[in-house]
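Colleague: In the numbering used here, the protein residues as written are 20 to 144.
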């Protein structure tokens with residue numbers, strides 16, 4: 020093995036370790052960062068008195084939603100349903116992310132935070 024290959028490999032290992040160290044120092048995500056846990060592009064932001072629901076579309080088939088309460092201490096719940104399907108919610112994380120296979124069907128989103136609720140009606144046709 021040549022000296023150039025060893026140096027290149029050592030530089031790669033150093034870069035990976037530096038990145039891992041920086042991620043460890045960053046700490047756990049805040050509620051705003053956790054809200055970005057849905058992959059895809061943001062298609063809607065639904066705002067109501069006690070929070071915001073961010074809606075994302077993944078690959079044209081899946082719809083993902085996350086509830087972000089206005090006050091971080093408030094707990095919230097989120098349910099999403101595609102036309103003709105069942106209500107889906109995340110048992111572990113009631114505020115989301117919640118993903119449903121919608122295809123080209125409209126979806127309905129219901130959210131609750133701090134005693135107030137929100138119903139989107141049928142959206143994303």
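For each residue, glycine too, the CB sits at the ideal point set by N, CA and C.
Thinking C-beta only, is residue 95 closer than 9 angstroms to residue 113?
Modeller: yes
Colleague: Measuring CA to CA, which of 76, 102, 98 is closest to residue 60?
Modeller: 76
Colleague: Could you tell me whether the Cβ atoms of residue 119 and residue 100 are closer together than 9 angstroms?
Modeller: yes
Colleague: Using three-state DSSP, classify residue 100 as helix, strand or coil.
Modeller: strand
Colleague: Could you tell me whether the Cβ atoms of residue 128 and residue 84 are closer together than 9 angstroms?
Modeller: yes
Colleague: How would you call residue 48, buried or exposed, if buried means at least 16 neighbouring beta carbons within 10 angstroms?
Modeller: Its pLDDT being 48, under 50, residue 48 is placed unreliably in this model, and the value from its coordinates should be taken loosely. That one is exposed.
Colleague: Going by DSSP in three states, residue 143 sits in which element: helix, strand or coil?
Modeller: coil
Colleague: Please classify residue 82 as buried or exposed, where buried requires at least 16 neighbouring CB atoms within 10 angstroms.
Modeller: buried
Colleague: Excluding the five sequence neighbours on either side, which residues of its own chain have a C-beta within less than 7 angstroms of the C-beta of residue 26, listed in chain order?
Modeller: Shown here for residue 26: not one same chain residue has a beta carbon closer than 7 angstroms to its own, the five before and five after excluded.
Colleague: Starting from the C-beta of residue 138, find all residues in its chain whose C-beta is less than 6 angstroms away, skip the five residues before and the five after it, and write them out in chain order.
Modeller: 129
Colleague: Name the one or two DSSP bridge partners that residue 136 has.
Modeller: 131
Colleague: Beta-carbon within less than 7 angstroms of residue 131's beta-carbon, same chain only, minus the 5 sequence neighbours each way: which residues are those?
Modeller: Around residue 131: 95, 96.
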